[in-house]
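*Asks:*
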């Protein structure tokens, strides 16, 4: 399996093969080392071969497994959602730094919630917080509801279908978002894992990649309570442009963007007076 995945251009063929074989055997990946030379049942072998073919064609492991780890969560995926990535945990970290008091009963709005990853992580870390996840996709909203339920967060969260909070009343302490920020021209250059399997609705934001930020920035003065804050995920090279959009709407940008593990400015925080 490993050789075939490496030949197909997979970046982590050993890990991918181990995860896919464990999935086919319905066992934990760590258990593979204790099974030694134990024969693989025919049905599991056929399933593993099918998973291998899908991965070799570019389908991400998380899509094949149907779930992906994020923060301390195990999130269900669907064709309507982005696959959450470690870079987005930078948004969670920046939001927690903005509101460090665990005892404060925050009201949180997650725009473009997708799997519900950011909202769920924040609610886990702030047990007195409540939140709303909003997404333009009904399919994504269903997936987010399922993930919040799996995490036991349904009593403190709801998920709605809508476009960047235009129909919502204000009063939020914190607005977070990982919005679309890819330009239409950049799509062809994305990895096949993203280009072929993440929904375009969650990726593309106009000719300059800033359309979603414009809509979000326009709504923040209405959505945020006085003293409230926002944390937005950034694409590479977008910090200055997004900061300018926020300042134009009267928000104070809170220093330079927080960098992800790769050193890319990834999470931009701002407050309203």
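In my numbering, the protein residues as written are 1038 to 1310.
All C-beta atoms, glycine included, are put in the ideal place defined by N, C-alpha and C.
1) CB-CB under 7 angstroms to residue 1105, same chain, minus the five flanking residues each way: which ones, in chain order?
2) Expressed to the nearest angstrom, what Euclidean distance is found between the alpha-carbon atoms of residue 1045 and residue 1270?
3) Run through the region 1112–1189 for me and flag every whole alpha helix (DSSP H) of 4 or more residues, listed as ranges in chain order.
4) What are the boundary residues of the alpha helix (DSSP H) that residue 1077 is part of?
5) For residue 1303, which residues of its own chain have a beta-carbon under 7 angstroms away from its beta-carbon, when the five flanking residues on both sides are left out?
6) Assuming residue 1258 is part of the alpha helix (DSSP H), what are its boundary residues?
7) With 16 other CB atoms within 10 Å as the buried threshold, where does residue 1227 fall?
8) Looking at C-beta atoms only, is the number of pairs between the region 1228–1235 and the region 1144–1152 that lie closer than 8 angstroms three or more?
9) From what residue to what residue does the alpha helix (DSSP H) around residue 1101 run?
10) Can you tell me the Cβ-Cβ gap for residue 1257 and residue 1309, rounded? I've got them flagged as a contact below 8 angstroms.
11) Please report the Cβ distance between residue 1209 and residue 1262, rounded to the nearest whole angstrom; I am assuming they are in contact, meaning their Cβ atoms lie under 8 angstroms.
12) Pick from 1274, 1166, 1101 and 1178: whose alpha carbon is nearest that of residue 1133?
13) Should residue 1118 be labelled buried (16 or more other beta-carbon atoms within 10 Å of its own) or exposed?
14) Looking only at its chain, what residues have a beta carbon closer than 8 angstroms to the beta carbon of residue 1247, apart from the 5 residues adjacent to it on each side?
15) Ends of the alpha helix (DSSP H) at residue 1240?
16) When burial is assigned at 16 or more other CB atoms within 10 Å of the CB, is residue 1180 buried or exposed?
17) If you count every other CB in all the chains shown that lies within 10 Å of the CB of residue 1109, and 16 or more means buried, which is it?
18) If residue 1145 sits next to residue 1062, beta carbons under 8 angstroms apart, how far is it from one beta carbon to the other, in whole angstroms?
19) Is it the case that the Cβ atoms of residue 1131 and residue 1290 are separated by a distance below 8 angstroms?
20) Count the other CB atoms, across all protein chains shown, that sit within 10 Å of the CB of residue 1141; report buried if there are 16 or more and exposed otherwise.
21) Between which two residues does the beta strand (DSSP E) containing residue 1308 stretch?
22) Name the two residues that bound the continuous alpha helix (DSSP H) containing residue 981.
23) Are there 16 or more other CB atoms within 10 angstroms of the CB of residue 1137, so buried, or fewer, so exposed?
*Replies:* Inspection of the coordinates gives the following:
1) Mapped onto the chain shown, residue 1105 falls at position 68. 1099, 1112, 1114, 1120 and 1121, listed in sequence order.
2) By 1-based counting over the chain shown, the position of residue 1045 is 8. By 1-based counting over the chain shown, the position of residue 1270 is 233. For residue 1045 and residue 1270, the distance between alpha carbons rounds to 31 angstroms.
3) 1126–1135, 1154–1162 and 1175–1187
4) Indexing the chain shown from 1 puts residue 1077 at position 40. That residue, residue 1077, is in no alpha helix (DSSP H); it is neither H nor E in DSSP.
5) Taking the chain shown and counting its residues from 1, one reaches residue 1303 at position 266. Result list for residue 1303: 1124, 1127, 1270, 1271, 1294, 1295, 1296 and 1297, in chain order.
6) In the chain shown, counting from the first residue as 1, residue 1258 sits at position 221. Unbroken alpha helix (DSSP H) run through residue 1258: 1248–1260.
7) The count along the chain shown starts at 1 and reaches residue 1227 at position 190. Result: exposed.
8) no
9) As a working note, residue 1101 is residue 64 in the chain shown. 1098–1102 is the span of the alpha helix (DSSP H), which, as asked, contains residue 1101.
10) Reading the chain shown from its first residue, position 220 is the one you call residue 1257. Reading the chain shown from its first residue, position 272 is the one you call residue 1309. Right, the Cβ-Cβ distance comes to about 7 angstroms (below 8 angstroms), so this counts as a contact.
11) Within the chain shown, the letter at position 172 stands for residue 1209. Within the chain shown, the letter at position 225 stands for residue 1262. The Cβ separation is near 7 angstroms, so the contact holds.
12) Counting from 1 along the chain shown, the entry for residue 1133 is found at position 96. Comparing Cα positions, the closest option is 1166.
13) Numbered from 1 along the chain shown, position 81 holds the residue referred to as residue 1118. Buried, since its Cβ has 16 or more Cβ neighbours within 10 Å.
14) Residue 1247 sits at position 210 when you count from the first residue of the chain shown. Answer for residue 1247: 1218, 1275, 1278, 1279 and 1282, listed in chain order.
15) Counting from 1 along the chain shown, the entry for residue 1240 is found at position 203. Note, residue 1240: premise wrong, no alpha helix (DSSP H); not H, not E.
16) Indexing the chain shown from 1 puts residue 1180 at position 143. By the 10 Å Cβ count, residue 1180 comes out buried.
17) On the chain shown, residue 1109 is found 72 positions in, with the first residue counted as 1. Looking at its Cβ environment, which holds fewer than 16 other Cβ atoms inside 10 Å, residue 1109 is exposed.
18) Translated into positions along the chain shown, residue 1145 becomes position 108. Translated into positions along the chain shown, residue 1062 becomes position 25. So it is not a contact: roughly 39 angstroms between Cβ atoms.
19) Position 94 of the chain shown, counted from the first residue, corresponds to residue 1131. Position 253 of the chain shown, counted from the first residue, corresponds to residue 1290. Not closer than 8 angstroms, so no.
20) Locating residue 1141 in the chain shown gives position 104, counting from the first residue. Classification for residue 1141: exposed.
21) As a first step, residue 1308 must be located in the chain shown, where it is residue number 271. Counting along the chain, the beta strand (DSSP E) containing residue 1308 begins and ends at 1302–1309.
22) With the chain running from 1038 to 1310 in the structure shown, residue 981 is simply not present.
23) For the purposes of this step, residue 1137 is taken as residue 100 along the chain shown, with counting starting at 1. Classification for residue 1137: exposed.
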